[in-house]
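**Q** Read left to right, the sequence shown gives residues 14 to 555 (my numbering).
Using N, Cα and C, we set each Cβ at its ideal position, and we do this for glycine too.
This structure is in structure tokens; I'll ask about it shortly.
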Amino acid sequence: MGSIVKKTLQMDVNKLNITLLRIFRQGVAAALGLLPQQVHINRLIGKKNCVELFISPVNRKGISDTLPSEEVLRSLNINVLHQSLSQFGITEVSPEKNVLQGKHESGKLWSQEGFYAVIIFLSIFVIIVTCLMVLYRLKEKIQFSRRQDKNKKQEIHLSPIPLQRPPSGYKVANRMVQPEQAPKVASVTVDPQGQCAPEIKPVLSASPSPFKMKPVGLQERRGSNVSLTLDMSSLGSVEPFVTAPTPREKVAMEYLQSASRVLTKQQLQETVASSHLLQTEFMEIPMNFVDPKEIDIPSHGTKNRYKTILPNPISRVCLKPKNPGDALSTYINANYIRGYGGQERAFVATQGPMINTVNDFWLMVWQEDGPVIVMITKLKEKNEKCVLYWPEKRGIYGRVEVLVNSVQECENYTVRNLTLKQGNQSRYVKHYWYTSWPDHKTPDSAQPLLQLMLDVEADRMASAGRGPVIVHCSAGIGRTGCFIATAIGCHQLKEEGVVDALSIVCQLRLDRGGMVQTSEQYEFVHHALSLYESRLSAEAVQ
14 MGSIVKKTLQ MDVNKLNITL LRIFRQGVAA ALGLLPQQVH INRLIGKKNC
64 VELFISPVNR KGISDTLPSE EVLRSLNINV LHQSLSQFGI TEVSPEKNVL
114 QGKHESGKLW SQEGFYAVII FLSIFVIIVT CLMVLYRLKE KIQFSRRQDK
164 NKKQEIHLSP IPLQRPPSGY KVANRMVQPE QAPKVASVTV DPQGQCAPEI
214 KPVLSASPSP FKMKPVGLQE RRGSNVSLTL DMSSLGSVEP FVTAPTPREK
264 VAMEYLQSAS RVLTKQQLQE TVASSHLLQT EFMEIPMNFV DPKEIDIPSH
314 GTKNRYKTIL PNPISRVCLK PKNPGDALST YINANYIRGY GGQERAFVAT
364 QGPMINTVND FWLMVWQEDG PVIVMITKLK EKNEKCVLYW PEKRGIYGRV
414 EVLVNSVQEC ENYTVRNLTL KQGNQSRYVK HYWYTSWPDH KTPDSAQPLL
464 QLMLDVEADR MASAGRGPVI VHCSAGIGRT GCFIATAIGC HQLKEEGVVD
514 ALSIVCQLRL DRGGMVQTSE QYEFVHHALS LYESRLSAEA VQ
């Protein structure tokens, strides 16, 4: 009768090649003390990892007989079997219904090598995941640190400004600023002839105001909100109510009226190379933003592009009213700006026209007889900055007709020659559209802006006797402030050979809050002035 050895291999029996079968046959024969040719092997169909062994010993007569399985097992040397066939994983041999059965070690699913491979794979996986988590945490920590540094730079210090006197190295300059005046409160009234006149009222009470405005950041971006805190307990004791300047506001006003740092040509070049010094100097300049309560015109907010960028009441442009008592029709978000030497109404700084203020804009251009319009913004950047307020050929805006006579494309700006008509009167206006200024940044080079300023100055000189140069960007304080500050500074360099950029910016903010909006723009103005000074020096040598 045949003898069967059932065994579990580390590989599928069906994949045994001739060499493995021969080795297996020799090992079984050695364990039985027989010749290999006496051991016959068959694969069992339907039984996984099993083979059938036939042992056929030869007797003395040369006749082959089949031995019972019990006799085969008694003659089987297990130790020899293990040594010869260790690679096949036979660990036990037992008879079962004339069957020699070799089972895998406790039905193991894993070999030792497989177990080690899994352990190594899991270890590598854990190491990789741990490294990724560490890198992610490091990245978060770096980003958090950068945000903290940025917040520190923009931190609002609520303690009183220690500016009783200008810092060391500064002196009071009166040639470009107005003398200090006692604090007064101004409100605008409209007379029957349509002229806006500021009405000066004395402060009735020195008691603190029941309205307490939260401080506005020194570099508050346009479009932010101003929140108010109302103390209801003190409302009954204040009537009529008039806002009194706070000590902080007084100190800020004194600084704007007195701060000065005159730079020679050499000092200007050195200052341009000191970015930290300019940033520190800029942070000391009060923004002088306007409290919305100071403008007593109902619904004026509908004509403002940004909630917190408002015209200073004392210097704001007033339009002629359409009807007597119509205060809103007199309102436009624009201010007169003094020029070099305190020249009154040298410029008008205004916001980019909105869809509902285009007619007001052209009415202002006509009323002020502005010979030049300077536009330093695209129509749309990350959001709308300005509407298209001029026609392709001809357009009528309220009471003003605008004709485009010619268009000239320059490298960094476009020049349009316009004719404005109202009734039988007509005026020529030049429109410069500068589009090379990136949003929320400063240009890489000051040369294009400097060339624009020189072209505008030439047109202004050719239009002597006419009104102010009208300048706008989006909010009318950032790029607009840079252009006007550069123009005034270049005029001062040409006339005096020195420049006082600090005093210039302070003067601008007295006329319109927030002019030259960021420290980067303040540095850019110095770069432009330095470039102009180099040009003057080169012309002097020639």
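Kindly indicate which three-state DSSP category residue 314 falls into: helix, strand or coil?
**A** As a position in the sequence shown, residue 314 is number 301, starting the count at 1. Looking at residue 314 - three-state DSSP - the assignment turns out to be helix.
**Q** Okay, do the stretch 392 to 403 and the stretch 365 to 377 touch, 3+ Cβ pairs below 8 Å being the bar?
**A** Verdict: yes, contact present.
**Q** Can you check which of these residues, 334, 300, 340 and 339, is closest to residue 325 by C-alpha distance?
**A** Here residue 325 refers to the residue found at position 312 of the sequence shown. In terms of Cα proximity to residue 325, the closest of 334, 300, 340 and 339 is 300.
**Q** Helix, strand or coil for residue 408 per DSSP?
**A** In the sequence shown, counting from the first residue as 1, residue 408 sits at position 395. Looking at residue 408 - three-state DSSP - the assignment turns out to be strand.
**Q** Would you call residue 289 buried or exposed, if buried means 16 or more other Cβ atoms sit within 10 Å of its Cβ?
**A** For the purposes of this step, residue 289 is identified with residue 276 of the sequence shown, where counting begins at 1. Per the 10 Å Cβ criterion, exposed.
**Q** Tell me the DSSP secondary structure of residue 327 in three-state form.
**A** The residue labelled residue 327 in the question sits at position 314 within the sequence shown. In this structure, residue 327 counts as helix in the three-state DSSP scheme.
**Q** Mind checking residue 516: buried by the 16 CB within 10 Å criterion, or exposed?
**A** Within the sequence shown, residue 516 is the residue found at index 503, counting from 1. With 16 or more other Cβ atoms within 10 Å, it is buried.
**Q** Judging by CA-CA distance, which residue of 322, 441 and 477 is the nearest neighbour of residue 524?
**A** Here the question's residue 524 lines up with position 511 in the sequence shown. Comparing Cα-Cα distances from residue 524 to each of 322, 441 and 477, the minimum goes to 322.
**Q** Taking C-beta to C-beta, are residue 277 and residue 538 nearer than 8 Å?
**A** Translated into the one-based positions of the sequence shown, residue 277 becomes position 264. Translated into the one-based positions of the sequence shown, residue 538 becomes position 525. Not closer than 8 Å, so no.
**Q** Can you round the beta-carbon distance between residue 544 and residue 438 to whole angstroms, since I take them to be within the 8 Å contact cut?
**A** To locate residue 544, count along the sequence shown from 1; it is residue 531. To locate residue 438, count along the sequence shown from 1; it is residue 425. Between residue 438 and residue 544 the Cβ distance is about 40 Å, and since that is not below 8 Å, they are no contact.
**Q** Report the three-state DSSP secondary structure of residue 225 (helix, strand or coil).
**A** By one-based count along the sequence shown, residue 225 stands at place 212. Note that residue 225 has pLDDT 38, beneath the 50 cutoff, so the model's placement of it is unreliable and no number is given.
**Q** Leaving aside the five residues before and after residue 546 along the sequence, list all residues of the same chain whose C-beta is less than 7 Å from its C-beta, in chain order.
**A** The residue given as residue 546 occupies position 533 in the sequence shown. Exclusion of the five residues before and after residue 546 leaves 278, 281 and 506 as the residues of its chain whose Cβ lies within less than 7 Å of its Cβ.
**Q** Using a Cβ distance threshold of 8 Å, determine whether the stretch 339 to 358 contacts the stretch 446 to 453, with at least three qualifying pairs required.
**A** no
**Q** Flag this pair as yes or no: are the beta carbons of residue 564 and residue 551 separated by less than 8 Å?
**A** Since the first and last residues shown for the chain are 14 and 555, residue 564 lies out of range.
**Q** Looking only at its chain, what residues have a beta carbon closer than 7 Å to the beta carbon of residue 486, apart from the 5 residues adjacent to it on each side?
**A** Position 473 of the sequence shown, counted from the start, is the residue given in the question as residue 486. Cβ neighbours of residue 486 beyond the five flanking positions: 365, 389, 390, 492 and 493.
**Q** Between residue 375 and the rest of its own chain, which residues show a CB-CB distance below 6 Å, the 5 nearest in sequence each way excluded?
**A** Position 362 of the sequence shown, counting from 1, holds the residue named residue 375. So the list reads 410 and 413, once near-sequence residues are dropped.
**Q** What are the boundary residues of the alpha helix (DSSP H) that residue 379 is part of?
**A** Looking up residue 379 in the sequence shown gives position 366. First-last of the alpha helix (DSSP H) with residue 379: 371 to 381.
**Q** Which same chain residues end up closer than 6 Å to residue 530 when comparing Cβ atoms and leaving out the 5 residues on each side of it in sequence?
**A** One-based indexing of the sequence shown puts residue 530 at position 517. By the criterion of a C-beta distance shorter than 6 Å, residue 530 is surrounded in its chain by 490 and 491, once the five residues flanking it on both sides are discounted.
**Q** Taking just the CA atoms, how far does residue 419 sit from residue 558?
**A** Limits of the chain in this structure are 14 at one end and 555 at the other, which puts residue 558 out of reach.
**Q** Output needed for residue 148: all residues of its chain with C-beta closer than 6 Å, excluding positions within five of it in sequence on either side, in chain order.
**A** Walking along the sequence shown from the start, residue 148 turns up at place 135. So the list is empty, once near-sequence residues are dropped.
**Q** Between which residues of its own chain and residue 336 is the CB-CB distance below 8 Å, once the five residues before and five after are set aside?
**A** Position 323 of the sequence shown, counted from the first residue, corresponds to residue 336. 342, listed in sequence order.
**Q** In the DSSP output, which residue or residues are listed as bridge partners for residue 259?
**A** Here the question's residue 259 lines up with position 246 in the sequence shown. Answer by DSSP bridge pairing: none, since residue 259 is not bridged.
**Q** From what residue to what residue does the alpha helix (DSSP H) around residue 501 run?
**A** Here the question's residue 501 lines up with position 488 in the sequence shown. Start and end: 491 to 509.
**Q** Residue 334: buried (16+ other C-beta within 10 angstroms of its C-beta) or exposed?
**A** For the purposes of this step, residue 334 is taken as the residue at position 321 of the sequence shown. Buried, by the Cβ-count rule.
**Q** Thinking residue 43 and residue 85 are a contact (beta carbons under 8 Å), I'd like their distance in whole angstroms, please.
**A** For the purposes of this step, residue 43 is taken as the residue at position 30 of the sequence shown. For the purposes of this step, residue 85 is taken as the residue at position 72 of the sequence shown. Actually they do not touch by this definition, with Cβ atoms about 14 Å apart.
**Q** In its own chain, which residues sit with a C-beta less than 8 Å from the C-beta of residue 534, not counting the 5 before and 5 after it?
**A** For the purposes of this step, residue 534 is taken as the residue at position 521 of the sequence shown. Correct list, in chain order: 455, 491, 492, 494 and 495.
**Q** Going by C-alpha distance, which of 444, 425 and 422 is nearest residue 431?
**A** As a position in the sequence shown, residue 431 is number 418, starting the count at 1. Among 444, 425 and 422, the Cα nearest to that of residue 431 is on 444.
**Q** Using a Cβ-Cβ cutoff of less than 7 Å, which residues in the same chain neighbour residue 130 once the five nearest sequence positions on both sides are dropped?
**A** The sequence position of residue 130 within the sequence shown is 117, counting from 1. Nothing meets the Cβ criterion.
**Q** Please classify residue 37 as buried or exposed, where buried requires at least 16 neighbouring CB atoms within 10 angstroms.
**A** Taking the first residue of the sequence shown as 1, we reach residue 37 at position 24. Burial call: buried.
**Q** So, under 8 Å CB-CB, residue 483 and residue 378 are touching, yes? Tell me the CB distance rounded to an integer number of Å.
**A** Residue numbering aside, residue 483 sits at position 470 when the sequence shown is read from its first letter. Residue numbering aside, residue 378 sits at position 365 when the sequence shown is read from its first letter. About 6 Å; that satisfies the 8 Å criterion.
**Q** Among 536, 259 and 69, whose alpha-carbon lies nearest the alpha-carbon of residue 457?
**A** Start at 1 with the first residue of the sequence shown, and residue 457 comes out as number 444. Of the candidates 536, 259 and 69, 536 places its Cα closest to the Cα of residue 457.
**Q** According to DSSP, is residue 245 part of a helix, a strand, or is it coil?
**A** Locating residue 245 in the sequence shown gives position 232, counting from the first residue. Confidence at residue 245 is low in this model, with a pLDDT of 39, below 50, so the placement of that residue is unreliable and no value is reported for it.
**Q** Please state the DSSP three-state secondary structure of residue 445.
**A** Within the sequence shown, the letter at position 432 stands for residue 445. It is a strand residue.
**Q** What are the start and end residues of the alpha helix (DSSP H) that includes residue 322?
**A** Indexing the sequence shown from 1 puts residue 322 at position 309. Premise fails: residue 322 is in no alpha helix (DSSP H) and is neither H nor E.
**Q** Less than 8 Å between the C-beta atoms of residue 88 and residue 46, yes or no?
**A** Here residue 88 refers to the residue found at position 75 when the sequence shown is read from its first residue. Here residue 46 refers to the residue found at position 33 when the sequence shown is read from its first residue. In this structure, residue 46 lies closer than 8 Å to residue 88 by Cβ.
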